[in-house]
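A.B. asks: Chains U and P are the protein sequences, given in the same order. Take the first sequence: its position 46, counting from 1, is numbered 45 in numbering that gives the first Met the number 0, and each next residue is one higher. Take the second sequence: its position 279, counting from 1, is numbered 278 in numbering that gives the first Met the number 0, and each next residue is one higher. Where a beta carbon is used, it is the ideal one built from N, C-alpha and C, also for glycine. Below: one structure in structure tokens.
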Amino acid sequence: MPAAPATSAPVSRDGAPAVAAAGTPLLEVRDLSIRFRTGAGEVQVTDSVSFALRAGERVGVVGESGCGKTVTGLSLLGLLPKPPRSRVTGQVLFEGRDLLALPEREMRDVRGRRIGMIFQEPMSALDPVFTIGQQIGETIRAHFKVGAREARERAIDALASVGIPLPDRRCDEYPHQLSGGMRQRAMIAIALVCEPKLLIADEPTTALDVTVQAQIVDLLRKLSERTGTSLLFITHDLGVVAEACERMLTMYAGQVVEDGATDVVLERPLHPYSSGLLRSIPRLSQRKSSLPSIRGRVPSPAEMPSGCRFAPRCGHARPGCEAEQALVDVGARHRVRCARHAELALPGAVAQAVAT
Amino acid sequence: MSAVPAPGPRADVPLVRVADLKVHFRTGRGHETVKAVDGVSFDVAAGETFGVIGESGSGKSTLGRALVCLTRPTGGTLRHAGTDPFALSARELKRARREFQIIFQDPNAALDPRMTILRSVREPLDILGELAAPERDRRALEAIDRVGLRADHAQRYPHELSGGQKQRVNIARALTLRPRLMVCDEVVAALDVSIQADILNLFADLQREFGLTYVFITHDLGVVSHVSDRIAVMYLGRFMELGPAQAISERPLHPYTRALLSSEPVPLPSALRTDRRIILEGEIPSPVSPPSGCRFRTRCRHADEACAAGVPAWREIEPSRFVACHHVERIDAGGGG
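Here's what the structure looks like:
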């Protein structure tokens with residue numbers, strides 16, 4: 000896959016370096032392990048998560064609930080509970096700095112300015128007692144020395160850029176006056192108003208209707224293409240990933256189990272879990288037929304199986320799978336954590352679609 | 000909409016017959032009326048799965064509640080196997096409604112956190128009060144086993160179960176009454192895709208085993224077209240289209256159905272996706288003052304003066320395919336969405 004064209008990168012308002020050199024990742028996560036302290040002792044929720052994201056690239060993170068997608072996203076911005084309640088090890092290299100080692104004061108300059116984030120439920124992410132314009136303005140004034148009037152103008156521009164009609168009027172409205180889709184647009188406006196290099200979107204369309212979801216996915220893809228903003232799209236919806244992302248990262252039980260180009264993984268997944276997720280989608284099955292499901296469920300962090308974590312649920316498990324599985328590089332920026340990946344020919348989305 | 004109900008696959012007395020059903024709510028403020036369901040007519044034949052799709056605010060949940068007499072319609076008629084449940088006395092209704100059950104979306108909210116699973120599952124039988132206690136326990140345990148839970152789950156509390164297991168409990172609870180109809184309102188929406196597949200398979204097994212009839216209400220097009228025999232597409236309190244599931248998924252006729260189907264994100268590689276998405280502008284209007292004429296016209300790219308002037312008739316365009324659209328023939332011939 001070619002690197003994102005550097006020409007798409009805009010010159011940012013404060014003259015900060017706009018783009019990383021081609022080929023160098025914008026974000027590189029190395030061996031990210033997250034542990035939480037609980038009443039029953041420390042539990043490890045992610046295990047040596049490693050991945051890279053290039054400038055302008057859109058990467059989807061998929062997996063069932065409890066796979067560690069959300070905590071991974073939160074940890075990149077230092078939004079997990081403070082130590083000793085959580086312990087994060089590894090490196091999060093962003094624009095040449097390790098965010099995990101950054102003092103809180105400097106982290107605040109990154110958060111919202113270099114990396115933006117949007118969440119699933121826009122109603123709980125917006126403050127009900129401030130207008131939309133005030134909330135966008137708050138972000139702008141936290142990062143730039145601008146007056147109230149300019150902040151308001153920029154807020155109106157931001158609302159217009161996410162497709163909110165009558166932005167100068169909406170700017171003075173409160174969250175409850177907006178519909179769900181409009182609130183999510185407002186959230187995106189807040190996240191993008193400082194022109195971050197990376198946007199982390201955690202299930203941004205899950206609470207929305209399918210027609211509004213289509214609008215939001217479309218908007219995120221277009222904004223990313225226009226501004227060169229990279230997107231880390233956390234979702235359980237493989238359809239959304241197929242439409243919005245060039246690469247997809249499958250997580251299972253706190254580990255990356257597959258990482259590859261979306262089109263390649265959808266067509267020929269190398270990990271049985273990626274294949275299982277695709278096969279259980281009703282749309283890809285024969286009508287009224289029995290759906291192939293993945294038996295069992297994600298193990299809790301406290302009772303993680305040793306060796307391959309997916310083996311207890313895997314139809315392809317064999318002797319040897321009880322050994323620790325490494326995430327191996329199979330070329331063409333494709334990695335998989337399965338000892339049997341070379342011998343298995345797993346069904347993806349295409350075989351199913353053709354068969355029906 | 001005409002009062003002629005759409006015929007089901009079987010011509011004898013349908014299990015559910017709805018004619019020009021309306022559910023209007025008075026809101027607290029002023030004299031506004033929310034027309035949640037505003038004139039729908041259909042039959043559900045015994046043994047079939049009738050899917051209802053629509054966005055939030057389309058009235059599909061209100062329709063589901065009316066079907067099992069949780070909400071009293073403000074107009075039109077509802078018949079359960081030929082009888083009007085609202086004409087029954089309270090005593091008779093209590094007995095009759097056991098055959099017409101509903102399962103909701105949120106498996107947590109539907110269970111009392113202080114009751115064991117066994118008590119929750121047995122509760123409908125306790126309320127019915129017809130059977131002796133040991134028989135009620137036996138039936139409840141049988142249902143718990145049937146939905147794929149272990150016997151030791153019976154003594155646990157809801158917080159000790161996963162979301163998928165809790166939804167199984169809710170299914171077991173409806174099963175104890177041996178219903179004929181189950182209204183399933185977004186029953187898999189809160190579940191992960193692999194768990195969702197398990198639950199959908201369970202519904203299919205139960206249907207075969209007990210001859211159940213389902214009304215499956217969902218916003219998920221993949222789910223509805225997988226499970227349903229027929230699908231109704233609802234928008235702002237009315238049906239826009241009704242027909243066999245396969246025909247609707249393969250060749251939707253109403254512009255709203257077309258847009259809805261094209262909005263669904265498809266998990267296929269880019270080369271195999273037909274990128275012919277119809278992005279609907281805006282969102283569903285308020286059910287307090289729906290647009291004149293065709294309710295969908297404000298978001299429809301085929302709309303013209305005729306659509307604002309007159310409510311489109313509910314017409315049988317092809318055998319067993321009903322559509323409410325003035326221009327459906329022209330749009331279908333044009334092939335464009």
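1. So with Cβ pairs under 9 Å, would you call P/P27 a contact of chain U?
2. Taking Cβ positions only, does U/D356 come closer than 9 Å to chain P?
3. Hey, would you say U/A141 sits closer than 9 Å to U/R112, going by beta carbons?
4. Do U/A252 and U/G40 have their C-beta atoms closer together than 9 Å?
5. Going along chain U, which residues have a C-beta under 7 Å from P/G221?
6. Between P/V12 and the rest of its own chain, which residues show a CB-CB distance below 8 Å, the 5 nearest in sequence each way excluded?
7. Buried or exposed: U/R169, going by 16 or more other Cβ atoms within 10 Å of its Cβ?
8. Show which residues of chain P have a CB atom less than 7 Å away from the CB atom of U/H235.
9. If you scan the segment 186-250 of chain P from start to end, which runs of the beta strand (DSSP E) of 3 or more residues do you find wholly inside it?
10. In terms of residue numbering, what span does the beta strand (DSSP E) encompassing P/S40 cover?
11. Could you check which residue in P/A131, P/V168 and P/A65 has the C-alpha nearest to that of P/V120?
12. Taking 8 Å as the limit between beta carbons, can you name the residues of its chain near P/P342, skipping five residues before and five after?
13. What in chain U is Cβ-close to P/N107, meaning under 8 Å?
14. Within its chain, find whatever has a CB closer than 7 Å to the CB of U/T138; leave out the 5 residues flanking it on each side and keep chain order.
15. Take every Cβ of the segment 192-203 of chain P, pair it with every Cβ of the segment 125-144 of chain P, and state whether three or more of those distances are shorter than 8 Å.
16. Short of 7 Å in beta carbon distance, which residues of its chain neighbour U/P346, apart from the five on each side in sequence? Order them along the chain.
17. If you compare alpha carbons, which of P/D125, P/G56 and P/L176 is closest to P/R97?
18. Using DSSP with H/G/I as helix, E/B as strand and the rest coil, what is U/H142?
19. Please report how far the alpha carbon of P/G162 lies from the alpha carbon of P/L110, in whole angstroms.
20. Should U/Q119 and U/E202 be called a contact, given that it needs their Cβ atoms to be closer than 9 Å?
21. Near U/R267, which residues of its chain fall below 6 Å by C-beta distance, leaving aside the five closest residues on each side in sequence?
22. Pair every Cβ in the segment 208-219 of chain U with every Cβ in the segment 25-44 of chain U, then say whether three or more of these pairs are closer than 8 Å.
23. For the 8 Å Cβ check, are there 3 or more pairs between the segment 209-225 of chain P and the segment 175-190 of chain P?
24. Give the DSSP bridge partners of U/H333, in chain order.
25. Pull up the DSSP beta-bridge partners for P/H79, would you.
26. Return the first residue and the last residue of the alpha helix (DSSP H) that P/C306 is part of.
27. The alpha helix (DSSP H) spanning P/Q104 covers which residue range?
28. Is the distance from the Cβ of P/G236 to the Cβ of P/V67 below 9 Å?
29. Work out the CA separation of P/L87 and P/E263 for me, nearest whole Å.
30. Enumerate in chain order the residues of its own chain whose CB-to-CB distance from P/A308 is below 8 Å, with the five nearest sequence positions on each side excluded.
31. Output the residue ranges of the beta strand (DSSP E) runs that lie fully inside the segment 271-332 of chain P and measure 3 residues or longer, sorted by chain position.
32. Spatial neighbours of P/G340 within its chain, please: C-beta separation below 8 Å, excluding the five flanking residues on both sides.
33. Kindly indicate which residue of U/I33, U/E172 and U/G55 has the alpha-carbon position closest to the one of U/R225.
34. Ends of the beta strand (DSSP E) at P/D151?
35. Quick check on DSSP: helix, strand or coil for U/R286?
36. Just how far apart, CA to CA, sit U/T23 and U/A260?
C.D. replies: Quick look at the numbers:
1. Checking the sequence, you will find Gly at residue 27 of chain P rather than Pro. Output row for P/G27: interface = no.
2. It is not possible to answer for residue 356 of chain U, since the shown part of chain U is limited to 0 through 355.
3. Yes, Cβ-Cβ distance for U/A141 and U/R112 is below 9 Å.
4. No, the pair does not count as a contact, with Cβ atoms beyond the cut-off.
5. Simply I280, P281 and R282.
6. Only A80 and G81 meet the Cβ criterion.
7. Classification for U/R169: buried.
8. Correct list: D191 and V192.
9. Runs found: 212-217, 229-234 and 237-243.
10. Unbroken beta strand (DSSP E) run through P/S40: T32 to V43.
11. When each option's Cα is compared against that of P/V120, the closest is P/V168.
12. There is simply no residue 342 of chain P to check, as chain P begins at 0 and stops at 336 in what is shown.
13. Result: empty, since nearest Cβ-Cβ is about 14 Å, beyond 8 Å.
14. In its chain, beyond the 5 residues on either side, G111, I189, V192 and C193 have a beta carbon closer than 7 Å to the beta carbon of U/T138.
15. Under the 8 Å Cβ criterion, the segment 192-203 of chain P does not count as touching the segment 125-144 of chain P, having fewer than three qualifying pairs.
16. Only S274 and R278 meet the Cβ criterion.
17. Minimum Cα distance to P/R97 is reached at P/L176.
18. U/H142: helix per DSSP, three-state reduction.
19. Straight across, the Cα-Cα distance linking P/G162 with P/L110 is about 11 Å.
20. It is a contact, given that the beta carbons lie within the stated cut-off.
21. Answer for U/R267: G347, listed in chain order.
22. With a cut-off of 8 Å, the segment 25-44 of chain U and the segment 208-219 of chain U do not count as touching, because too few Cβ pairs lie within range.
23. The segment 209-225 of chain P vs the segment 175-190 of chain P: in contact.
24. Listed as beta-bridge partners of U/H333 by DSSP are no residues whatsoever.
25. DSSP lists P/V15 and P/T82 as partners of P/H79.
26. Its alpha helix (DSSP H) spans residues E304 to A308.
27. Unbroken run through P/Q104: none, as it is neither H nor E.
28. Cβ distance not < 9 Å, so P/G236 and P/V67 don't count as in contact.
29. Per the coordinates, the alpha-carbon of P/E263 lies some 43 Å from the alpha-carbon of P/L87.
30. Here the set comprises S291 and G292.
31. With a minimum length of 3 residues, the continuous beta strand (DSSP E) runs that stay inside the segment 271-332 of chain P are 314-317 and 320-322.
32. An answer regarding residue 340 of chain P cannot be provided, because it is not within the stretch 0 to 336 covered by chain P.
33. Here the closest residue by C-alpha is U/G55.
34. Where P/D151 is concerned, there is no enclosing beta strand (DSSP E), given that its DSSP letter is neither H nor E.
35. In the structure shown, U/R286 falls within a coil segment according to DSSP collapsed to helix, strand and coil.
36. Here the C-alpha atom of U/T23 lies approximately 18 Å from the C-alpha atom of U/A260.
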